[in-house]
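Keeping their order, the protein sequence lines are chains A and B.
Just so you know, we're using this note's numbering here: the first sequence kicks off at -6 and counts up by one.
Just so you know, we're using this note's numbering here: the second sequence kicks off at 260 and counts up by one.
For glycine and all other residues, C-beta sits at the position ideal for the given N, C-alpha and C.
Just so it is clear, the structure is predicted and the values come from calculations on it, not from any experiment.
A quick write-up on the structure given underneath.
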Amino acid sequence: MSNKQTLVVIGNGMVGQNFLVSLMASDIKDNYDVITFCEESIPAYDRVHLSEYFAGKSAAELSLVEEGFFEKNGITIHLGDKATVIDRANKTVTSEKGKVIAYDKLVLATGSNAFVPPIPGNDRENCIAYRTIDDLDDMKEAAKTSKVGAVVGGGLLGLEAAKALQDLDLVTHVVQFGPRLMSAQLDDGGAGLLKQKIEELGVSVLIDKNTIKIVDGDVCKHKMVFSDGTELETDLILYSAGIRPRDDLATLSGLKIANRGGVIIDDHCLTSDENIYAIGECASWNDQTFGLVAPGYAMARTVVNQLAGGDAFFTGADMSTKLKLNGVDVASIGDPHASAPGSLVYTYQNGVEGIYKRLVVSKNNKVLLGAVLVGDASGYPILSQYFLNAIDLPSNPDSLILPARSDASVGLGPDALPASAQICSCFDVTKGAICSSIEGGCTTLGGLKADTKAGTGCGGCVPLLKSVLDCELEKAGFEVNTDICEHFAFTRQDLYNLVMVEEIKTFHELLTKHGSGSGCEICKQTVGNILASYWNEYVLKEDHLGLQDTNDTFLANMQKDGTYSVVPRMTGGEVTPEGLIAIGQIAKKYGLYTKVTGGQRVDMFGARVDQLPLIWQELIDAGFESGHAYGKSLRTVKSCVGSTWCRFGVDDSVALAVELENRYKGLRSPHKIKFAVSGCTRECAEAQSKDIGIIAVEGGWNLYVCGNGGMKPRHGDLFATNLDKETLIKYIDRVLTFYVQTADRMQRTSVWMENMEGGLDYLKSVVIDDKLAICEKLEEQMQRVVDTYQCEWKTTIADESKVKRFRHFVNSDKHDENIIFVEERGQVRPANIEERELLKAEIA
Amino acid sequence: MSKWIDVCSVDDLQKNSGICALVEGEQVAIFYMADNSIYAINNYDPFGKVHVLSRGMIGDIKGEPMVSSPLYKQHFNLKTGVCFEDETVSVASYGIRIEGDRVEVNLNGVAK
């Protein structure tokens, strides 16, 4: 005879099913014969994402039950049958269909009902509670004869329901009793922005509306009459005004019920009967009920632990939530209302991009108590870690909600989190559990998800999960790997040497001989760059085209709106009046925004891809050539006006700048290169902040190398003094070629120098003393590049097959209609997203 | 319903690179890989919020074909449209085939 006990679970909703899954994953799964009742005709499904049923998801896709789950685990499920009586004295459950089952332990997971406000007329035809898949089918049916729909309730589920109505093509209204949407989770500011965003999506939102009755409509089926005298006509009404615990069965059975509803449970989730547990929305703990799944899952785990003889407690639940409502990011953490005495509030509001963020912190500014994020919830994972683990806030907590500026990093590194930190709140996975999975050999995000379930619920924790993974792998010494990418187990310098020694001329050849796979943007660009540095072939040649980043592919710089900027070369910053006029006329003709750059030339913004060849044809006709602003290559040689005009000038800095720019233009290099030449030590050209800087002195030219501005400015090092022009050019040839051969990808000369063993002295010994006996080779290589220079734009517009690529659509002459400009300070600029939508709507 | 729409000639494709076609109002980015396989996904970059994916660089990540956004360099799987860096973000992927010397797109189809 079996000595198994019988465990009956009443209800197979999300929490009931989660309980079964947890039980079957535990050591005590063989201790029980498990029987469950499910009143609906299908087993548990994802009620949280119910509205996706209308966006095309099937009931099967919403299912939370793995195929064969009940059979495999020997669980008996009574579908479409409802438990109606619990006889606690005799420990039996009787169902609607007349089954009588004796139990040893009973778990109530009866969930909740949608609350239907007690309004006269609330049971009229096509007035439906929004709760189950059956409700959805009723809704679908009702929608067929409806034009207008209204949702009563502006909470989380109500807004989901509004999305469902929109998906059914109804004119949609949300009627909220209170003063704001999602009143539990949001403050006035956040709710206000959410309302605005929902309205932008075409849903009308009525606030502060108390429905007093529903009667026959004049135009529509119903008329909702509000206490303020206003009315709303609608054909279909959905109730989503909150939930009420389903405690009727428990009440009948004489279990203790909380004043505000719900079966009373203790910290072990035990009801007033020692053999009956209650979990999920039907349960009341500390006089609270929980309308989210995460607390329900926590209760389910507690009961499994109790049955196994453990001593786990349910300790309440984090009600934080993050979701996408009709495409709008919304998140709420802890107490967003600042109800704790003395709590302080930070807010950030960005009306342009539609973002609202609010932080509630403790009186001493140290602990995060709550947060609201609307429009951009990307900060949620970090903020919820601060909240859940009570981690000390940075001294300026507002940095957590202000937009990231430059390199001021305020992120919370995964290393700062304790092992107990909960990373995934859907499945209660701690950092400790993730780390032990990694220690157990799991090294990928996918593997971690399969192993720990973290990140497989709402997905909000995935970025954090990834950074924990990376951090742990790094600590475990997994990868201190200098391979440029997964396709080549070589450094950039190795690849350069391979190209040079084996005279390799294409990416395909290099990949076949020394790589694997088909490449990626890292190795393709790197190899494309090396081939261009060494062989200096046309970058859009068939073999090389796919190796170029979009900027190089279209020989222009892509801007944030997908248009390009165009920069013709002005050697040494010198330009004739005719040249300026031509640029002005071209910019005017094509409606371009013009700006003078830091490199002493003119940048023209806002060119569509199809306009680029036309613009360049005109620029070339006016005598200009490519400025290579798009390439990892020599950009500009800046100069002061020099001895020709300046009272203090020592030498002709402009003439030298023009000569140097013409010599090195087109040189492809690991990163961009900038030069400057100053005509005296007053240094007006700021040469000491450039990769190559030259200053005129009485005895000749002083050469500075490896300076740069940018994020981490570095002054150039004085490399040699009092040089004549010939020696100066020799040294520059050698330094640059040596840099091109030995630097890492995307490494400026400054970092290259700092990482070089021996530093400046070593570089001097190579370039000046020829310690490696390579100077002749270095010069030869540079001379070859100089001799093979071509203006890439000239080559391109002469070749019809190349010009063909410069159009937005291969099969249409239309332009990308999303490129829209507005005017500012007398010129165009890209419309921001709001303006774009507005202008598009006007055009339509 | 599956409907194949003629888009362009095979000669219009750019080996190892992408092009963009207008198909029933949708911007479709078409990529022609080194091994002659061909993929179609929507041209909209959900991070940069502009239509530019066809101008990204292509290749593979662990054997899966991908395009890297030309703006902020996120990678999208060319078979599924799912972003490698953030699996909650994806773009639509479409059916595409070569019939004779013509390229055809099926907006309701799925990639091979």
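Please classify residue i as buried or exposed, where buried requires at least 16 other C-beta atoms within 10 Å of its C-beta.
{"i": "B:Tyr331", "result": "exposed"}
{"i": "A:Gly368", "result": "buried"}
{"i": "A:Ala412", "result": "exposed"}
{"i": "A:Arg800", "result": "buried"}
{"i": "A:Lys190", "result": "buried"}
{"i": "A:Pro842", "result": "Chain A is shown only over -6 to 837; residue 842 of chain A falls outside these bounds and no answer can be derived."}
{"i": "A:Ser402", "result": "Only weak support is given to the placement of A:Ser402: the predicted model assigns it a pLDDT of 39, under 50, and the value that follows is read from those uncertain coordinates. Result: exposed."}
{"i": "A:Ser682", "result": "buried"}
{"i": "A:Pro663", "result": "buried"}
{"i": "B:Lys371", "result": "Legend: pLDDT at B:Lys371 = 47, less than 50; position of this residue unreliable, no value from coordinates given."}
{"i": "A:Gly709", "result": "buried"}
{"i": "A:Gln578", "result": "exposed"}
Find the nearest neighbour of residue i within the set the options, judged by alpha-carbon distance.
{"i": "A:Cys213", "options": "A:Trp278, A:Glu118, A:Leu161 and A:Asn252", "result": "A:Glu118"}
{"i": "B:Val348", "options": "B:Ser296, B:Gly307 and B:Ile264", "result": "B:Gly307"}
{"i": "A:Phe731", "options": "A:Ile523, A:Ile790, A:Gly49 and A:Ser418", "result": "A:Ile523"}
{"i": "A:Ala736", "options": "A:Arg485, A:Ile79 and A:Gln610", "result": "A:Arg485"}
{"i": "A:Asp162", "options": "A:Val141, A:Trp278, A:Cys454 and A:Ser526", "result": "A:Val141"}
{"i": "A:Ser377", "options": "A:Ser325, A:Leu337 and A:Ala331", "result": "A:Ser325"}
{"i": "A:Pro561", "options": "A:Leu548, A:Gly555, A:Gln552 and A:Lys553", "result": "A:Leu548"}
{"i": "A:Tyr46", "options": "A:Asp127, A:Asn358 and A:Cys120", "result": "A:Asp127"}
{"i": "A:Asp39", "options": "A:Gln820, A:Ser15, A:Arg239 and A:Asn11", "result": "A:Asn11"}
{"i": "A:Asp311", "options": "A:Ala305, A:Lys216 and A:Asp421", "result": "A:Asp421"}
{"i": "A:Ala414", "options": "A:Leu381, A:Thr445 and A:Thr564", "result": "A:Leu381"}
{"i": "A:Ala669", "options": "A:Ala136, A:Trp786, A:Ala834 and A:Asn701", "result": "A:Asn701"}
{"i": "A:Gly309", "options": "A:Leu263, A:Leu174, A:Trp278 and A:Ala713", "result": "A:Trp278"}
{"i": "B:Glu304", "options": "B:Ala280, B:Lys262, B:Gly315 and B:Met292", "result": "Checking the sequence, you will find Asp at residue 304 of chain B rather than Glu. Minimum Cα distance to B:Asp304 is reached at B:Gly315."}
At the 8 Å Cβ level, is residue i part of the contact set with chain B, yes or no?
{"i": "A:Thr499", "result": "no"}
{"i": "A:Ser805", "result": "yes"}
{"i": "A:Ile790", "result": "no"}
{"i": "A:Gln808", "result": "Before going further, note that residue 808 of chain A is His rather than Gln in the sequence given. With 8 Å as the cut-off, A:His808 does not count as an interface residue toward chain B."}
{"i": "A:Ser511", "result": "yes"}
{"i": "A:Arg822", "result": "no"}
{"i": "A:Gly539", "result": "yes"}
{"i": "A:Ala401", "result": "In this prediction, A:Ala401 has a pLDDT of 38, which is less than 50 and means its spatial position is unreliable; what the coordinates show is noted afterwards. False, the Cβ-Cβ gap to chain B never drops below 8 Å."}
{"i": "A:Val455", "result": "yes"}
{"i": "A:Lys787", "result": "no"}
{"i": "A:Asn522", "result": "no"}
Does any residue of chain A have a CB that is nearer than 8 Å to the CB of residue i?
{"i": "B:Lys371", "result": "With a pLDDT of only 47 at B:Lys371, under 50, the local geometry of the prediction cannot be trusted, and the value read off the model is given with reservation. Not closer than 8 Å to any Cβ of chain A, the Cβ of B:Lys371 fails to qualify, so no."}
{"i": "B:Ile320", "result": "yes"}
{"i": "B:Asn275", "result": "yes"}
{"i": "B:Ala351", "result": "no"}
{"i": "B:Thr347", "result": "yes"}
{"i": "B:Val269", "result": "no"}
{"i": "B:Val311", "result": "yes"}
{"i": "B:Gly368", "result": "no"}
{"i": "B:Ala280", "result": "yes"}
{"i": "B:Ala293", "result": "yes"}
Check whether the Cβ atoms of residue i and residue j sit closer than 8 Å, and answer yes or no.
{"i": "A:Lys206", "j": "A:Val218", "result": "yes"}
{"i": "A:Gly512", "j": "A:Gly273", "result": "no"}
{"i": "A:Ser632", "j": "A:Lys665", "result": "no"}
{"i": "A:Pro36", "j": "A:Val2", "result": "no"}
{"i": "B:Ala288", "j": "B:Val364", "result": "no"}
{"i": "A:Leu540", "j": "A:Lys506", "result": "no"}
{"i": "A:Ser646", "j": "A:Ser671", "result": "yes"}
{"i": "A:Ala48", "j": "A:Asp201", "result": "no"}
{"i": "B:Asn336", "j": "B:Glu344", "result": "no"}
{"i": "A:Tyr557", "j": "A:Ala600", "result": "yes"}
Using a C-beta cutoff of 8 Å, does residue i count as contacting chain D?
{"i": "A:Asn343", "result": "The question asks about chain D, but that chain is absent: this structure's protein chains are A and B."}
Measuring from the CB of residue i, is there a heavy atom of the ligand SAM at a distance below 7 Å?
{"i": "A:Lys75", "result": "In the structure shown, the ligand SAM is absent, as is every other ligand, since no ligand is present at all."}
Handout entry: Validate contact between the stretch 655 to 662 of chain A and the stretch 585 to 595 of chain A using beta carbons, cut 8 Å, 3 pairs
Key = no
Handout entry: the stretch 52 to 69 of chain A / the stretch 141 to 153 of chain A touching (three or more Cβ pairs under 8 Å)
Key = no
Practice task
Spell out a yes or no on whether the stretch 758 to 766 of chain A and the stretch 806 to 818 of chain A are touching, meaning 3 or more CB-CB pairs, one atom from each, closer than 8 Å.
Solution key: no
Exercise for the section: Decide if the stretch 427 to 434 of chain A is in contact with the stretch 373 to 390 of chain A; the criterion is three or more beta carbon pairs, one per stretch, under 8 Å apart. Expected result: no
Practice task
Spell out a yes or no on whether the stretch 274 to 292 of chain B and the stretch 615 to 622 of chain A are touching, meaning 3 or more CB-CB pairs, one atom from each, closer than 8 Å.
Solution key: no
Handout entry: the stretch 96 to 106 of chain A contacting the stretch 234 to 241 of chain A, beta-carbon criterion three pairs below 8 Å
Key = yes
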